[in-house]
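*Asks:* Here the protein sequences line up with chains A and B, keeping their order.
Each residue of the first sequence is one higher than the last, beginning at 1 in the numbering used here.
Each residue of the second sequence is one higher than the last, beginning at 1 in the numbering used here.
Think of the CB as a built atom: it goes at the ideal place given N, C-alpha and C, for glycine as much as any other residue.
Predicted model, so just to flag it, every value in this text is computed and none were measured.
Could you have a look at this structure, given as structure tokens, before my questions?
There are 2 protein chains.
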Amino acid sequence: MGKTVQDYHTQPLLTAAVRDEFWERYIRLAQDVVIPYQYETLHDRVEGAELSHAIANFEIAAGRKTGEFHGFVFQDSDVAKWLEAAGYSLSIRRDAELERKADGIIELIAEAQQPDGYLNTYFTIKEPGKRWTNLNDCHELYCAGHFIEAAVAYAEATGKEKLLQIMCRMVEHIESVFGPGEGRLKGYDGHQEIELALLKLYRYTGEARYLELSQFFIDQRGQQPHFLQQEWEQRGQLSFWGGSRMEQLDLKYNQSHLPVREQTEAVGHAVRAVYMYTAMAELAALTGDEALHQACVRLWDNLADKQMYLTGGIGSTHAGEAFTFDYDLPNDTVYAETCASIGLIFFARRMLMLAPQARYADVMERALYNNVLGSMAQDGKHYFYVNPLEVWPQACSCNPGKHHVKAERQGWFGCACCPPNVARLLTSLNQYIYTVHSDVLYANLYIGSELETELGGTAVRIEQTSSFPWEGAVKLTVHPAEAAEFGVALRLPSWSTGMEIRVNGASLAAAENMENGYRVIRRVWSEGDIIEVMIPMEAHRVYAHPNLRADAHRTAIQRGPLVYCLEGADNAEPLSSIMLSRQGGFKEVFDEALPGGAVAVAAEGWRTEAGSWTGGLYGRERAPRKPVTVRAVPYYLWGNRGSGEMTVWVAESGV
Amino acid sequence: MGKTVQDYHTQPLLTAAVRDEFWERYIRLAQDVVIPYQYETLHDRVEGAELSHAIANFEIAAGRKTGEFHGFVFQDSDVAKWLEAAGYSLSIRRDAELERKADGIIELIAEAQQPDGYLNTYFTIKEPGKRWTNLNDCHELYCAGHFIEAAVAYAEATGKEKLLQIMCRMVEHIESVFGPGEGRLKGYDGHQEIELALLKLYRYTGEARYLELSQFFIDQRGQQPHFLQQEWEQRGQLSFWGGSRMEQLDLKYNQSHLPVREQTEAVGHAVRAVYMYTAMAELAALTGDEALHQACVRLWDNLADKQMYLTGGIGSTHAGEAFTFDYDLPNDTVYAETCASIGLIFFARRMLMLAPQARYADVMERALYNNVLGSMAQDGKHYFYVNPLEVWPQACSCNPGKHHVKAERQGWFGCACCPPNVARLLTSLNQYIYTVHSDVLYANLYIGSELETELGGTAVRIEQTSSFPWEGAVKLTVHPAEAAEFGVALRLPSWSTGMEIRVNGASLAAAENMENGYRVIRRVWSEGDIIEVMIPMEAHRVYAHPNLRADAHRTAIQRGPLVYCLEGADNAEPLSSIMLSRQGGFKEVFDEALPGGAVAVAAEGWRTEAGSWTGGLYGRERAPRKPVTVRAVPYYLWGNRGSGEMTVWVAESGV
């Protein structure tokens, strides 16, 4: 019937082992704090935290106890994301206790699965007759997708395939409901996720039918007659949320306004968008579908060149957690949801599978070191859902237009999507460092690590040490099983002005053999060959495109991959009174006192003194400015030293 | 029983006849376009306009026809505001046709009045059993207040008291329901308005009971036990709007969070706030209630010194059409409702009754010449409800946080409060020019006019000619019935740097006898004495208080009372690319081509050229700036030359 795995192009996915002081601290935080803490919240055992009821829902669905379903219709996905993170964690470090907990939950899931393979506690407990009647709102395939991701991660880490079998049965059930065949629904989920998950299942199992089901969902989206529209009309134009009648279904919200190949702009709910683009890109990579590839490039270009914050945040509005339009990137009413940046990293990784272009890795790095890393407090227990680039705490509480922006990280959320998403990204960070095309290994992220793979027909081990993000010294030691010719491509980051490369001590001309932002070194490699890379990392100014109105006449500071910000903890408020000197230099000092230790930047600037102001609310004379030393710290650290103002973009003096 | 009119201080209200080229054009627009147009909309005879159904509701309540109530619960007030404007219009210019129309409506109102005096079509038609059960939401007293204002205006203009009698009967009914007596409600309206209206009724009739009922409503507000809170609990915590249960009643929304004398900050719905402050100030002026006076001063100071836009707009957020907090004045997510600025003008006029302080008149002038005047298109048929200081049209349509801001004036509104409010203000502008304290006449607005009053025991006629807003030449000719001593006080506007004054050709030292912002000239005046005032009117820069974060490092241009703005029609977009030169001068030219003719300002500046930008969305090099001549036009004219960007605040070069 279907094609086999051999019919598709299966690029190897490279998973390194992270050996990096900077990142291991965060990975351990995810392992030691986030995963155990979330396990407790899923079981409603954390005092003061909002009730999750996610495990309780499964216990009820499994018949272990009686009770009502509670939580969001997609509450199950929290359990899935935890299991996925647990899987990655176990792949890094075996942990009998964690494995026992995960096995226990998987046992529970097995009991909650229905005889026909169906798995979803909401529809099992609360609306058993209504399965698959509201794809637009009810996240059934979305939840299934997350369990598939968990199943693959857990199987890869532990070799245990119980959850995988559960999910294969669920997919079989899905295949009986959806698909091109007669009497099957020509539908797809309101919240994309199953598409990318099925591709993971395909890669793990080699079963082409999973790829093809993913392809069906992707191809079906936005086709006429419009499935979600028809479904909505059939249920009397009611929304699941509150059951109220809606004037109109917003098809852009879930990117079903057009067939995916015809889409050219990032629109709608940002997380849904990037989850979909991720699946599209991977599918294009697997199938060689050039039209799909080009659609991905168009969407990428729109997103990265016109709708992305400097921190790698995406989504300019709270309303619908959505993109708005080109160059509309307000810093203070921003959304920039943590999960959306994580999804952007997923998307970037798939684009790197399609084509080795450093610009994809640039965005991946930007989102990782700034928006995503900044979303988590240094204690691993507090999170930003929204990641603003400018905060005035009083406005967050007193101006309703900014109520969605929090000046302090929150404990956990009623819709707790971000913390487990951070956990699963950190514990799978080892998958984002390298990609391979033919016999060239591409180093996308400079993260200390150890990789074992095959290049040029030879088994190769690559050790990477990196002083990122504080210094730009990177060393790759190549250990081929035997001397062999292959390429090693080193990404020249977009923030750098050049890099020095030495192979076994001999300088290479950096400008040579630049291909799409990588310096490609092709040679015969022997045991112990050393590539030394030095990327100058100096604090520098960044400016925004003149059409980006919110950042006009402002500058930001960046150093290496890190975007910097000003905080009230270091600079007198209001921060808006500060102006950086156009000509002034920067002084960079590693400050142990900053959480975890970090390079702080001192800059020359000017500040308007409210004390010298002679007008009322308005006046004819500008208050005099006094020279001041401005202190900037990495954006990812903001809000770890009490509540106060923060800004990434700062006015700059001069014409 | 109650006190008589003699017991209260009844300051004369001075009504001049406007003889002013600039303003008469707008007054005629109100008379010739707005009032006739609104009459048609009230009768649902304007094609394409949203149905009003306001007259139809009265016809149904009057038993002239059958049908359902339609529109807002406060739909009646549109009829009242029209009648009030018609009254003012008739006081300026008799018009048999208009009077016939008004008499017809009054006849209809009489028929709709219930046997017990009650008047409100919503509760008469739709919920007859529910009168006075939801003061918080249902606007019964609010509507009554507007009809009282109409009744007084119409009686003053025409001598016809039919509507006045209707409303006196309604007030009698209200007195039977509300008041200190046993069994009466200790309540007040959710939307303030009746308070200020009853004081007008008191002034017209001399009946102290009307003042005392107003005083009851004002004093009762915010007292414990909390009337609106109790009422809300009694109806099951339901809101009238949609009937949904609310978590909490927002008492700040309608300024009932505290007794009025204890309030210190402008909070909540801005129109409600200023309508209440208006009544408080007038009541304090009438009763000499010093505690109330001080509360008004505190609220004024907070509002004018910390929560007012440069254009005289108030209300920083769409949510609840409300104030937010000190110095929070975002230019693009602004509310600054037209009606709120009109209410601010009402409030300012009452503050001028309490004390002759030029700062009250400064705000009145600011709101009048900018926010209010700008709300109306030059055709009199299109209006802004929200008056932004910065507009990017695409953001208004594509960013939901700005959907409430329109880049173009709209035809009419479902909630059509602003156009009739503009009409009634313009047609009663003659009441805002002068105030009197003892034997001193205070010129608050420089508007060509003719006033007849009594000063120093003598009948006096004062002719004013004014070249405002384009030039600062003002001439007052004094015609006392016989030579008499009294004072004439000339306001030194806050935007001016001084003024020259000549009396019968002889210069006065301008700095002498300055009292609270007025130059007071006390002397014996004889027939034909001439005061010439020259207030230099030059375009100049304005800066905002350093705490006003939205305007940091920016400047605005003002000339005389007019705030200026940049528009896409005159300057290449994005306007954010423009920076004014710190040192550059301004060139002022009267441009006949601008709607109605206006002084445009040319300024030296710099603009960032998007064409010279070498980065992607972000880059290391700032795009070069090129010198450019920037053109600014009066804010009130914005949006009359097609849709485009607009900004009041512009970046400024230099340290």
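Could you list the residues in the segment 336-352 of chain B with a C-beta less than 7 Å from some C-beta on chain A, going in chain order?
*Replies:* Here the close residues number zero.
*Asks:* Tell me which residues share the same chain as Leu163/B and place their Cβ nearer than 6 Å to its Cβ, disregarding the 5 neighbours each side in the sequence.
*Replies:* Cβ within range, chain order: Ile106, Ala151, Tyr154.
*Asks:* Which residue from Thr66/A, Val171/A, Val630/A, Cys168/A puts its Cα closest to that of Thr124/A?
*Replies:* Out of Thr66/A, Val171/A, Val630/A, Cys168/A, Thr66/A has the C-alpha closest to the C-alpha of Thr124/A.
*Asks:* Just checking: is the beta-carbon of Asp328/B within a distance shorter than 7 Å of some beta-carbon in chain A?
*Replies:* So, interface residue.
*Asks:* Taking 7 Å as the threshold (beta carbon to beta carbon), is Phe217/A in contact with chain B?
*Replies:* No, because no Cβ of chain B sits closer than 7 Å to the Cβ of Phe217/A.
*Asks:* For the pair the segment 206-220 of chain A and the segment 167-182 of chain A, tell me if three or more CB-CB distances fall below 8 Å.
*Replies:* As far as the Cβ criterion goes, the segment 206-220 of chain A touches the segment 167-182 of chain A, which means the pair count is three or higher.
*Asks:* Specify the secondary structure class of Tyr8/A as computed by DSSP and reduced to three states.
*Replies:* Coil at Tyr8/A, not helix or strand.
*Asks:* With 7 Å as the threshold, decide whether the Cβ of Arg366/A is near any Cβ in chain B.
*Replies:* Not one chain B Cβ lies under 7 Å of Arg366/A.
*Asks:* Arg620/B versus chain A: which residues are under 9 Å apart at the beta carbon?
*Replies:* Ordered by position in chain A, the residues that pass the 9 Å Cβ test against Arg620/B are Trp495, Thr497, His540, Arg541, Val542, Tyr543, Gln558.
*Asks:* Check whether the segment 520-536 of chain B touches the segment 635-646 of chain B, taking contact to mean three or more Cβ pairs, one atom from each stretch, closer than 8 Å.
*Replies:* Taking 8 Å as the limit for Cβ pairs, the verdict is that the segment 635-646 of chain B does not touch the segment 520-536 of chain B.
*Asks:* Using a beta-carbon distance below 7 Å, is Pro419/B in contact with chain A?
*Replies:* Chain A contact via Cβ: absent.
*Asks:* Taking Cβ-Cβ distances shorter than 8 Å, what residues in chain B pair up with Arg625/A?
*Replies:* Neighbours of Arg625/A on chain B, chain order: Val655.
*Asks:* With burial defined as no fewer than 16 other Cβ atoms inside 10 Å of the residue's Cβ, what is the status of Pro627/A: buried or exposed?
*Replies:* Burial call: exposed.
*Asks:* Quick one: Cα of Ile109/A to Cα of Ala62/A, how far?
*Replies:* Near 7 Å, if we compare the C-alpha coordinates of Ala62/A and Ile109/A.
*Asks:* Strictly under 7 Å for the Cβ-Cβ distance: is Trp132/B near chain A by that measure?
*Replies:* Judged by the 7 Å Cβ criterion, Trp132/B is not in contact with chain A.
*Asks:* Going by alpha carbons, who is nearest to Phe147/B out of Leu135/B, Leu198/B, Asp137/B?
*Replies:* The shortest C-alpha separation from Phe147/B is found at Leu198/B.
*Asks:* For Ile531/B, which beta-bridge partners are listed by DSSP?
*Replies:* Beta-bridge pairing links Ile531/B to Leu476/B, Val503/B.
*Asks:* Would a C-beta distance cut-off of 7 Å place Ala473/B and Ala459/B closer than the cut-off?
*Replies:* Result no, Cβ atoms of Ala473/B and Ala459/B do not sit closer than 7 Å.
*Asks:* For Phe590/B, name the three-state secondary structure that DSSP assigns.
*Replies:* Phe590/B falls in the strand class under three-state DSSP.
*Asks:* State the DSSP-derived secondary structure class of Ser653/A, mapped to helix, strand or coil.
*Replies:* Of the three classes helix, strand and coil, the one that applies to Ser653/A here is coil, per DSSP.
*Asks:* Is the separation between the beta-carbon of Gly190/A and that of Val274/A shorter than 7 Å?
*Replies:* For Gly190/A and Val274/A, no; Cβs fall outside 7 Å.
*Asks:* Check the C-beta distance from Glu196/A over to Ala270/A and give it rounded, since I have them as a contact under 8 Å.
*Replies:* Sequence check: residue 196/A is Leu here, not Glu. Leu196/A to Ala270/A, Cβ: 15 Å. No contact.
*Asks:* For Ala651/B, is the classification buried or exposed, using 16 other Cβ atoms within 10 angstroms of its Cβ as the cut-off for buried?
*Replies:* So Ala651/B ends up on the buried side.
*Asks:* Answer with buried or exposed for Pro330/A, where buried requires no fewer than 16 other C-beta atoms within 10 angstroms of its C-beta.
*Replies:* Pro330/A comes out buried.
*Asks:* Quick one, are the C-beta atoms of Tyr564/A and Pro634/A less than 7 Å apart?
*Replies:* Yes, they are a contact pair.
*Asks:* What number of angstroms, rounded off, separates the C-alpha of Pro400/B from the C-alpha of Arg184/B?
*Replies:* When rounded, the distance between both Cα atoms is 45 Å.
*Asks:* Looking only at its chain, what residues have a beta carbon closer than 6 Å to the beta carbon of Gly2/A, apart from the 5 residues adjacent to it on each side?
*Replies:* The pLDDT assigned to Gly2/A is 44, lower than 50, so where the model puts this residue is not dependable; a value taken from the coordinates is nonetheless given after this. Correct list, in chain order: Ala208, Arg209, Glu212.
*Asks:* With DSSP collapsed to three states, give me the class of Ile463/B.
*Replies:* The question names Ile, yet the displayed sequence has Glu at residue 463/B. It is a strand residue.
*Asks:* Can you tell me which of the three DSSP states Arg28/B falls into?
*Replies:* If DSSP states are grouped into helix, strand and coil, Arg28/B belongs with the helices.
*Asks:* Cβ closer than 7 Å: which chain B residues qualify as neighbours of Phe325/A?
*Replies:* Those are Gln394, Cys398, listed as they occur along chain B.
*Asks:* If you compare alpha carbons, which of Gly597/B, Ile345/B, Leu441/B is closest to Leu429/B?
*Replies:* It is Ile345/B whose Cα lies nearest to the Cα of Leu429/B.
*Asks:* According to the Cβ coordinates, are Gly448/A and Leu29/A closer than 7 Å?
*Replies:* In this structure, Leu29/A does not lie closer than 7 Å to Gly448/A by Cβ.
*Asks:* Roughly how many angstroms separate the alpha carbons of Ala340/A and Ala102/A, rounded to a whole number?
*Replies:* C-alpha separation (whole angstroms): 27 Å.
*Asks:* Can you round the beta-carbon distance between Leu80/A and Cys138/A to whole angstroms, since I take them to be within the 8 Å contact cut?
*Replies:* The residue asked about is misnamed: residue 80/A is Ala in this sequence, not Leu. That pair is no contact at about 16 Å.
*Asks:* Need the endpoints of the beta strand (DSSP E) that Glu107/B sits in, please.
*Replies:* Premise fails: Glu107/B lies in the alpha helix (DSSP H), 96-112, not in any beta strand (DSSP E).
*Asks:* As a quick exercise: from Thr158/B, Asn371/B, Ala377/B, His437/B, pick the residue whose alpha carbon is nearest that of Glu390/B.
*Replies:* The shortest Cα separation from Glu390/B among Thr158/B, Asn371/B, Ala377/B, His437/B belongs to Asn371/B.
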